Every structure is written in C-alpha cells, then in structure tokens.
Amino acid sequence: IAIIPFFLIVMLGKWPAGYHYLLGLILFAAAALTDRLDGKIARARNQITVFGKFMDPLADKLLVVSALICLLADGAADPWAVILIVAREFMVTGLRLVAVEKGRVIAANRWGKTKTVSQVAAVILVLAFQFVQELADAGRVAPFTVWGMPSADAFALLGGALIWISVFFTIVSGGIYILQNIDVLKDVK
C-alpha cells in the first residue's frame with residue numbers, strides 16, 4: 161500500500177517520452193512483488209493473521225484499481241473493462257465487510273488469486289507496451305511492426321485482450337465468492 165501514492169504521482173505526472181510508464185511499471189511491479197513476498201513470509205513463519213487475510217486482498221485491489229484508472233486516463237484501458245473490475249472489487253469488498261461484522265473473514269481463494277495474477281500481468285504488460293510505444297512515437301526507437309501490424313495497433317490489441325482476459329477472471333471469481341458466501345448476506349439490515 162505504501163508504494164501506491166508514489167505510483168500515482170509518477171503515472172499522473174507527464175514525463176518526457178513516456179518515462180512515466182517505465183517508472184510506473186517499476187513501482188507497480190515492486191508493489192506486486194513485495195505483496196507476494198509478504199504473504200509467502202507470513203505463511204512460512206506461520207504468522208497469518210485475521211488482519212492480514214483482510215488487508216492483503218484489499219491492498220491488491222487498491223494497487224490494481226489505481227493502475228487501471230491511470231491507464232484509463234491515458235486511453236490505454238477500455239472504460240467498460242475498468243468499470244466491471246471496479247464494480248466487482250467493491251462488491252467483494254462489501255461482502256467481506258459484512259462477513260467481518262459477523263465475525264467471519266473471507267480469505268482469498270484460488271479464483272481470487274488467479275484474478276489478481278491476471279490483473280497484475282495485464283497491467284505490467286500494458287505499461288510496458290505503452291512505454292515502448294511512447295519511445296517509438298518520440299523517435300527514440302525505430303518504427304516497427306508486430307505480426308504485420310504497426311506496433312501501436314498491435315500493442316492496443318494485445319493490451320486490450322489482456323485486460324479483457326483479466327475481466328473474465330474478475331467476473332468469474334466475483335461470482336464464486338458471492339455463491340460461496342451468500343449466507344453472509346442473510347439477515348443483513
């Protein structure tokens with residue numbers, strides 16, 4: 161969570177030749193990696209806590225949603241994809257909050273972890289694509305093609321596909337969380 165403000169400052173500031181994408185990529189990857197290491201260390205040392213079970217998925221959501229909103233602002237993400245991802249994240253977080261009120265913690269399951277991996281991979285690759293394309297647009301690398309398409313078109317297609325793949329996992333995992341924990345919503349006032 162501590163890296164997110166720096167990521168936002170970098171991504172929302174405009175740097176020459178798209179270097180904000182490179183710096184954002186480094187910060188995003190560092191945040192994702194430290195989050196992963198934190199979880200591994202906690203499990204290895206048997207230091208898993210209720211707080212950690214609740215905050216770890218929340219930190220993942222904050223990181224990914226921050227990145228997607230920045231990519232949306234730059235035109236590098238489809239608004240509908242971002243809306244679907246953000247809506248699911250609010251829904252599952254709401255479910256988790258209701259569960260906590262009832263003394264229950266809904267920990268991440270393999271579908272939620274797959275969703276997070278797909279989102280993190282999509283963001284990392286889209287940031288990399290955007291950086292390379294900005295370099296090409298600024299004349300710092302020679303124009304090139306990917307699969308016979310201009311790089312800008314290929315990167316837009318690949319980036320969009322990766323984000324929509326993560327939307328698929330996002331929706332599936334959200335549905336599974338709701339179905340597995342629907343009993344939490346009974347008697348909610």
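First residue of the sequence shown? That's 161 in the numbering used here, and the numbers climb one at a time after it. Quick reminder that beta carbons are idealized off the backbone N, C-alpha and C, glycines included. Treat the numbers as computed from the prediction; the structure is a model and nothing was measured.
Out of Asp347, Val283 and Leu287, state which residue places its alpha-carbon closest to the alpha-carbon of Val327. Counting from 1 along the sequence shown, the entry for residue 327 is found at position 167. Cα-wise, what sits closest to Val327 is Val283.
In whole angstroms, what is the alpha-carbon distance linking Val348 and Ala177? If you number the sequence shown from 1, residue 348 lands on position 188. If you number the sequence shown from 1, residue 177 lands on position 17. When rounded, the distance between both Cα atoms is 52 Å.
With C-beta atoms as the reference, is Gln290 less than 8 Å away from Val224? For the purposes of this step, residue 290 is taken as the residue at position 130 of the sequence shown. For the purposes of this step, residue 224 is taken as the residue at position 64 of the sequence shown. Taking 8 Å as the Cβ cut-off, Gln290 and Val224 do not qualify as a contacting pair.
In the DSSP output, what is Val306 paired with across the bridge? Stepping through the sequence shown from its first residue, residue 306 is reached at position 146. Per DSSP, Met309.
How many Å lie between Lys200 and Asp234 at the Cα? For this step, residue 200 is matched to residue 40 along the sequence shown. For this step, residue 234 is matched to residue 74 along the sequence shown. If you take the alpha carbons of Lys200 and Asp234, they lie about 34 Å apart.
Mind checking Arg264: buried by the 16 CB within 10 Å criterion, or exposed? The residue you call residue 264 lines up with position 104 of the sequence shown. It counts as exposed.
Do Leu228 and Val242 have their C-beta atoms closer together than 8 Å? Along the sequence shown, one-based indexing puts residue 228 at 68. Along the sequence shown, one-based indexing puts residue 242 at 82. Closer than 8 Å, so yes.
Can you tell me whether Trp240 is helix, strand or coil according to DSSP? In the sequence shown, the residue the question calls residue 240 occupies position 80. Note: Trp240 maps to helix in three-state DSSP.
Quick one: using the 10 Å Cβ neighbour count with 16 as the cut-off for buried, is Gln293 buried or exposed? For the purposes of this step, residue 293 is taken as the residue at position 133 of the sequence shown. Its Cβ being crowded by 16 or more others within 10 Å, Gln293 is buried.
Taking the C-alpha atoms as reference points, what is the distance between Ile331 and Ala288? Within the sequence shown, numbered from 1, the residue matching residue 331 stands at position 171. Within the sequence shown, numbered from 1, the residue matching residue 288 stands at position 128. Straight-line Cα distance between these residues: approximately 25 Å.
Thinking Phe315 and Lys275 are a contact (beta carbons under 8 Å), I'd like their distance in whole angstroms, please. As a working note, residue 315 is residue 155 in the sequence shown. As a working note, residue 275 is residue 115 in the sequence shown. That belief does not hold up - the Cβ atoms of Phe315 and Lys275 are roughly 23 Å apart, past 8 Å.
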